[in-house]
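S.K.: Chains as they are written, first to last, in full-length UniProt numbering: chain A, 1 to 260; chain B, 1 to 416. All C-beta atoms in this analysis are idealised placements derived from N, C-alpha and C, irrespective of residue type, glycine included. The structure is given below, and queries will be raised subsequently.
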Amino acid sequence: MLKILKYSFYDLIRSRWSYVYFLFYLALGFVLLFLNNDVSKAVITLMNVIIVLIPLIGTIFGVMYYYNSREFTELLLAQPINRRSIFMGQYFGVAGSLTMSLVLGLGIPFVLYGLLRSNAIFDFSLLLVTGAFLTFIFVGLSFVIAISNENKIKGFGYAVLLWLFLAVVYDGLFLMSLIVFEEYPLDTFSLVATALNPIDLSRILILLKLDISALLGYTGAIFKKFFGTDLGFLVSMAILLLWTVLPILGLGHKAKRKDF
Amino acid sequence: MKIKKEHIKFILGCILLMGFQIGMANTWTVCATCENNSIKETIARATDHDTIRIEKGTYKEFEILVDKPLVIKGIGYPIVDGEKKGEIFKITSDNVTLDGLFVINVGVSYTKDNAAIRVVQSKNFLIQNMVLEQLFFGIYLEKSSHGKVYHNRIIGQAVDEYNSGNGIQLWYSTDVEVSKNHVQGTRDGIYLEFSDRITITDNTSVDNLRYGLHFMFSNNDVYSNNTFENNGAGVAVMFSKFITMKDNTFQKNWGTAAYGMLLKEINDAEISGNTFEENTIGINIEGSNRIQYHNNDFINNGWAIRVIGACYTNSFTGNNFLYNSFDISYNSKLNDNVFEGNFWSSYTGYDLDKDGVGDVPYRPVKLFSYIVNRTPETIVLLRSLFMDIIDFSERVSPVFTPDELKDIRPLMKIRP
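In structure tokens:
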């Protein structure tokens with residue numbers, strides 16, 4: 001598995017897409033910090049980008065990579081290698097290289113601009129951790145979609161739809177239900193609904209760490225009471241972890257049964 | 001001739017001596033080793049219009065009653081220590097001046113509003129250059145008028161609202177000037193109740209537990225050039241008429257229930273040239289009518305202006321709204337207020353005729369802020385992609401937000 005992981009990883013690096021992705025974040029980080037020298041404000045702006053872009057890029061990259069390396073996968077399948085390790089290797093290769101681009105791309109400008117001396121370091125690491133989680137989650141989901149659909153167009157369609165659902169439609173449904181049931185106590189509902197969507201969960205986790213959380217008012221106070229505690233933090237990390245593990249298990253399951 | 005010269009010398013000498021004696025009679029010196037080592041006793045001995053000089057040292061006295069017109073002046077900041085036993089100075093006479101004392105340890109009481117300096121029913125008082133620390137109430141003006149509270153430093157360490165007092169409190173007082181004071185760590189920095197024609201200028205009120213400045217039932221007051229920073233709930237102006245608020249700075253009042261300024265039942269006021277920066281809510285307006293808001297800067301606030309019901313005939317002109325999460329929040333569909341000629345940092349229109357005024361009206365109420373007003377829980381969707389999308393679509397064609405609430409002449413460039 002490690003060998004395949006390494007292969008996938010280097011393959012991506014050689015294919016330059018990792019570089020493009022890395023350079024994109026590098027440029028983003030530098031431009032943000034150049035435009036306003038305040039590290040903690042840059043974290044807020046970055047959050048907006050990360051919450052939307054990371055899932056999108058993770059999804060598209062995952063699907064693309066799977067379909068693209070199909071022939072190589074078939075070649076590997078002919079060898080006496082465990083199926084699980086083939087797909088796991090590819091998955092971790094893609095997700096790992098994307099995460100590395102993210103961490104290095106954003107980390108370098110921030111470190112250069114004095115992140116280590118600023119007290120935003122915790123917020124920033126949280127941002128990177130959630131970013132990494134989102135990458136793993138969405139690459140995993142896209143792999144599952146790709147492996148379940150032979151038809152590339154269909155696979156792409158489903159993957160983009162999945163992103164659209166979690167990034168946009170879910171919030172819409174959430175909002176509708178909040179408005180429709182406004183007569184009822186909604187605190188627990190909104191907590192659960194937020195926790196169930198990895199994008200919303202990451203957004204709230206980061207928001208609560210920033211000054212802007214004061215805007216959340218009394219709803220924010222309830223959220224802070226839950227997510228602000230060590231237990232809440234552990235729970236949310238556990239949920240993100242669960243979101244990461246589930247697609248991986250699904251991938252293993254699918255890989256074992258699929259007839260190539 | 002010789003005798004005459006002696007005479008003149010004698011007369012001159014007499015005059016000099018008399019002058020000296022008059023001086024002696026009018027100026028009392030209090031110090032630890034002098035004959036007069038107690039402020040209280042010296043005041044009792046002094047006659048009207050005398051001056052009492054208090055030399056450097058520590059005087060453990062409280063309930064010092066100033067019941068005649070005196071000038072009490074500290075030399076090198078002598079310490080008057082109340083030992084937490086009660087009030088320290090109580091002024092009941094007109095024409096009293098207190099200057100340059102360091103007053104500490106006011107007794108905390110749950111039944112009496114003990115103050116470091118209390119002025120009761122007097123006129124023409126002057127309280128200046130005082131330093132008050134370890135206090136309950138700082139300067140308490142009660143039914144007094146035509147006085148001046150100038151350049152004092154009041155530093156409390158209030159922790160809870162129920163056992164802390166206000167820095168400067170005016171109660172039924174009129175025509176008082178409060179200027180260049182620094183108040184921090186008290187419950188309300190400056191508090192006015194039933195006090196008319198008060199001028200509050202150049203004060204700094206920071207880190208207070210509740211409000212930096214608090215108005216209740218006080219009319220025709222002016223406050224300008226003050227700085228209010230990091231107070232528990234900002235500044236509250238309530239139930240008052242004809243207030244002028246100019247060139248003040250309200251900043252860093254950040255918290256779930258904090259405002260830069262809270263207006264409640266305020267009529268006919270003028271709010272101009274103020275800067276509201278980094279407050280959760282810049283101005284929270286409730287039931288306030290006929291107010292002119294002009295040339296203010298709203299920078300980096302959560303909500304720049306939040307209007308909650310029944311606010312009519314207000315006008316907002318020439319303000320800068322810069323990088324606020326929400327520019328205006330409105331909870332009704334009815335709008336009777338005028339927004340014109342403001343600069344909005346999120347304005348995306350164009351100016352084809354190059355007259356500096358945008359050709360497309362700006363709608364400052366976002367759909368999201370409307371929804372949040374309706375269902376407060378929806379604020380959890382803050383900064384989500386979905387909200388950005390529906391905000392955009394609402395801006396293009398308003399359905400929910402008040403249609404006539406718009407700035408028809410938005411500025412293209414920031415007002416300098």
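(1) I think residue 263 of chain B touches residue 215 of chain A, with their Cβ atoms under 8 Å apart; what is that distance to the nearest whole Å?
(2) Kindly indicate which three-state DSSP category residue 131 of chain B falls into: helix, strand or coil?
(3) Distance check for residue 276 of chain B and residue 296 of chain B, CA to CA, integer angstroms please.
(4) Under 9 Å Cβ-Cβ, which residues of chain A neighbour residue 386 of chain B?
(5) Name the one or two DSSP bridge partners that residue 240 of chain B has.
(6) For residue 45 of chain A, count neighbouring C-beta atoms within 10 Å of its own C-beta (all shown protein chains included) and say buried if the count is 16 or more, exposed if not.
(7) Express the C-alpha separation of residue 121 of chain B and residue 45 of chain B in angstroms, rounding to a whole number.
(8) Using DSSP bridges, identify the partner residues of residue 344 of chain B.
(9) CB-CB under 8 Å to residue 146 of chain A, same chain, minus the five flanking residues each way: which ones, in chain order?
(10) Should the segment 95-108 of chain A be regarded as contacting the segment 75-85 of chain A, the criterion being three or more beta carbon pairs within less than 8 Å?
(11) So residue 70 of chain B and residue 52 of chain B are in contact, right, with Cβ under 8 Å, and what is the actual spacing, rounded?
(12) Identify the contact partners of residue 389 of chain B in chain A, using a Cβ-Cβ distance below 8 Å as the criterion.
(13) Mind listing the chain B neighbours of residue 159 of chain A? Cutoff is C-beta to C-beta under 9 Å, in chain order.
(14) Determine the burial state of residue 101 of chain A: buried for a count of at least 16 other Cβ atoms within 10 Å of its Cβ, exposed for fewer.
(15) According to the Cβ coordinates, are residue 7 of chain A and residue 251 of chain A closer than 8 Å?
(16) Let's test the definition: count the other Cβ atoms within 10 Å of the Cβ of residue 176 of chain A and tell me whether it reaches 16, buried, or not, exposed.
(17) Using only alpha-carbon positions, find the residue among B/359, B/58, B/371 and B/26 that is nearest to residue 332 of chain B.
(18) With DSSP run on the structure shown, which of helix, strand or coil describes residue 169 of chain B?
(19) Is it true that the segment 183-194 of chain A meets the segment 13-32 of chain A, where meeting means three or more beta-carbon pairs spaced less than 8 Å apart?
(20) Helix, strand or coil for residue 257 of chain A per DSSP?
(21) Suppose contacts are defined by Cβ-Cβ distances below 8 Å. Is residue 212 of chain A in contact with residue 127 of chain A by that definition?
(22) Which residue marks the beginning of the alpha helix (DSSP H) containing residue 154 of chain A, and which one marks its end?
(23) Cβ of residue 232 of chain A less than 8 Å from any chain B Cβ?
(24) Taking 8 Å as the CB-CB cut-off, is residue 364 of chain B touching chain A?
(25) In chain A, what lies closer than 8 Å to residue 307 of chain B by C-beta?
(26) Where residue 202 of chain A and residue 384 of chain B are concerned, what is the direct C-alpha to C-alpha distance, given to the nearest angstrom?
(27) Using a Cβ cut-off of 8 Å, pull out every chain B residue sitting near residue 266 of chain A, in sequence order please.
(28) Could you compute how far the alpha carbon of residue 256 of chain A sits from the alpha carbon of residue 389 of chain B?
(29) Please give me, in chain order, every unbroken run of the alpha helix (DSSP H) with length at least 4 that falls completely inside the segment 169-238 of chain A.
(30) Identify, in the order they occur along the chain, each residue of the same chain with its Cβ nearer than 7 Å to the Cβ of residue 208 of chain A, setting aside the five sequence neighbours on each side.
(31) Verify the CB distance criterion: does residue 40 of chain A have a CB-CB separation below 8 Å to chain B?
(32) Rounded to the nearest angstrom, what separates residue 17 of chain A and residue 363 of chain B at their Cα positions?
(33) How about residue 116 of chain A and residue 124 of chain A: are their beta carbons less than 8 Å apart?
(34) Counting only the same chain and skipping the five closest in sequence on each side, list residues whose C-beta sits under 6 Å from that of residue 247 of chain A.
(35) Quick one: is residue 204 of chain B near chain A, going by C-beta distance under 8 Å?
(36) Classify residue 52 of chain B as helix, strand or coil using the three-state DSSP reduction.
M.R.: The short version:
(1) For the purposes of this step, residue 263 of chain B is taken as the residue at position 263 of the second sequence. For the purposes of this step, residue 215 of chain A is taken as the residue at position 215 of the first sequence. In this structure residue 263 of chain B is not in contact with residue 215 of chain A, their Cβ atoms being roughly 20 Å apart against a cut-off of 8 Å.
(2) What you label residue 131 of chain B is simply residue 131 of the second sequence in a count that begins at 1. Residue state, collapsed to three classes: strand.
(3) The residue labelled residue 296 of chain B in the question sits at position 296 within the second sequence. The residue labelled residue 276 of chain B in the question sits at position 276 within the second sequence. If I take the Cα positions, the gap works out to 8 Å.
(4) Position 386 of the second sequence, counted from the first residue, corresponds to residue 386 of chain B. Per Cβ cutoff of 9 Å: 167, 168, 169, 170, 171, 172, 174 and 175.
(5) Sequence index remark: in the second sequence, residue 240 of chain B carries index 240 (1-based). Bridge pairing for residue 240 of chain B: B/266 [DSSP].
(6) If you number the first sequence from 1, residue 45 of chain A lands on position 45. Exposed.
(7) Counted from its first residue, the second sequence places residue 45 of chain B at position 45. Counted from its first residue, the second sequence places residue 121 of chain B at position 121. Looking at the two C-alpha atoms, the distance is approximately 23 Å.
(8) For this step, residue 344 of chain B is matched to residue 344 along the second sequence. B/321, per the DSSP bridge assignment.
(9) The residue you call residue 146 of chain A lines up with position 146 of the first sequence. Cβ neighbours of residue 146 of chain A beyond the five flanking positions: 62, 63, 66, 67, 155 and 159.
(10) The segment 95-108 of chain A is not in contact with the segment 75-85 of chain A.
(11) Here residue 70 of chain B corresponds to residue number 70 of the second sequence, with the count starting at 1. Here residue 52 of chain B corresponds to residue number 52 of the second sequence, with the count starting at 1. Their Cβ separation, rounded to whole angstroms, is 6 Å, which keeps residue 70 of chain B and residue 52 of chain B in contact under 8 Å.
(12) Along the second sequence, one-based indexing puts residue 389 of chain B at 389. Around residue 389 of chain B, the beta-carbon contacts reaching into chain A at under 8 Å are 168.
(13) One-based indexing of the first sequence puts residue 159 of chain A at position 159. The contacting residues do not exist; residue 159 of chain A stays about 17 Å from chain B at best.
(14) Taking the first residue of the first sequence as 1, we reach residue 101 of chain A at position 101. Looking at its Cβ environment, which holds 16 or more other Cβ atoms inside 10 Å, residue 101 of chain A is buried.
(15) Here residue 7 of chain A refers to the residue found at position 7 when the first sequence is read from its first residue. Here residue 251 of chain A refers to the residue found at position 251 when the first sequence is read from its first residue. No.
(16) Along the first sequence, read from residue 1 onward, the residue named residue 176 of chain A stands at position 176. With fewer than 16 Cβ atoms within 10 Å of its Cβ, residue 176 of chain A is classed as exposed.
(17) Taking the first residue of the second sequence as 1, we reach residue 332 of chain B at position 332. Selected option, being the one with the closest Cα: B/371.
(18) The sequence position of residue 169 of chain B within the second sequence is 169, counting from 1. In the three-state scheme derived from DSSP, where H, G and I count as helix and E and B as strand, residue 169 of chain B is classed as strand.
(19) Because the criterion of three Cβ pairs below 8 Å is not met, the segment 183-194 of chain A and the segment 13-32 of chain A do not touch.
(20) To locate residue 257 of chain A, count along the first sequence from 1; it is residue 257. Residue 257 of chain A falls in the helix class under three-state DSSP.
(21) On the first sequence, position 212 is the one that residue 212 of chain A refers to. On the first sequence, position 127 is the one that residue 127 of chain A refers to. Taking 8 Å as the cut-off, the Cβ atoms of residue 212 of chain A and residue 127 of chain A do not count as close.
(22) Looking up residue 154 of chain A in the first sequence gives position 154. It spans 152-164 - the alpha helix (DSSP H) in which residue 154 of chain A sits, taken as one unbroken run.
(23) The residue given as residue 232 of chain A occupies position 232 in the first sequence. The Cβ of residue 232 of chain A sits no closer than 8 Å to any Cβ of chain B.
(24) Counted from its first residue, the second sequence places residue 364 of chain B at position 364. Not one chain A Cβ lies under 8 Å of residue 364 of chain B.
(25) For this step, residue 307 of chain B is matched to residue 307 along the second sequence. For the C-beta of residue 307 of chain B, not a single chain A residue is nearer than 8 Å; the gap to the nearest is close to 16 Å.
(26) If you number the first sequence from 1, residue 202 of chain A lands on position 202. If you number the second sequence from 1, residue 384 of chain B lands on position 384. Between residue 202 of chain A and residue 384 of chain B, the alpha-carbon positions lie close to 11 Å from each other.
(27) Because chain A is modelled from 1 through 260, residue 266 of chain A falls outside the range shown and cannot be assessed.
(28) Walking along the first sequence from the start, residue 256 of chain A turns up at place 256. Walking along the second sequence from the start, residue 389 of chain B turns up at place 389. Going from the Cα of residue 256 of chain A to the Cα of residue 389 of chain B covers about 41 Å.
(29) Counting only runs of 4 or more, we get 170-180, 187-196, 198-209 and 217-227.
(30) As a first step, residue 208 of chain A must be located in the first sequence, where it is residue number 208. The residues are 223, 224, 227 and 228.
(31) Position 40 of the first sequence, counting from 1, holds the residue named residue 40 of chain A. With a threshold of 8 Å between beta carbons, residue 40 of chain A makes no contact with chain B.
(32) Start at 1 with the first residue of the first sequence, and residue 17 of chain A comes out as number 17. Start at 1 with the first residue of the second sequence, and residue 363 of chain B comes out as number 363. The straight-line gap from Cα to Cα measures roughly 42 Å.
(33) Within the first sequence, residue 116 of chain A is the residue found at index 116, counting from 1. Within the first sequence, residue 124 of chain A is the residue found at index 124, counting from 1. 8 Å or more divides the Cβ of residue 116 of chain A from the Cβ of residue 124 of chain A.
(34) What you label residue 247 of chain A is simply residue 247 of the first sequence in a count that begins at 1. Hits under 6 Å: 140, 141 and 144.
(35) Here residue 204 of chain B refers to the residue found at position 204 of the second sequence. Chain A places no beta carbon closer than 8 Å to that of residue 204 of chain B, leaving this residue out of the contacts.
(36) Here residue 52 of chain B refers to the residue found at position 52 when the second sequence is read from its first residue. Residue 52 of chain B: strand per DSSP, three-state reduction.
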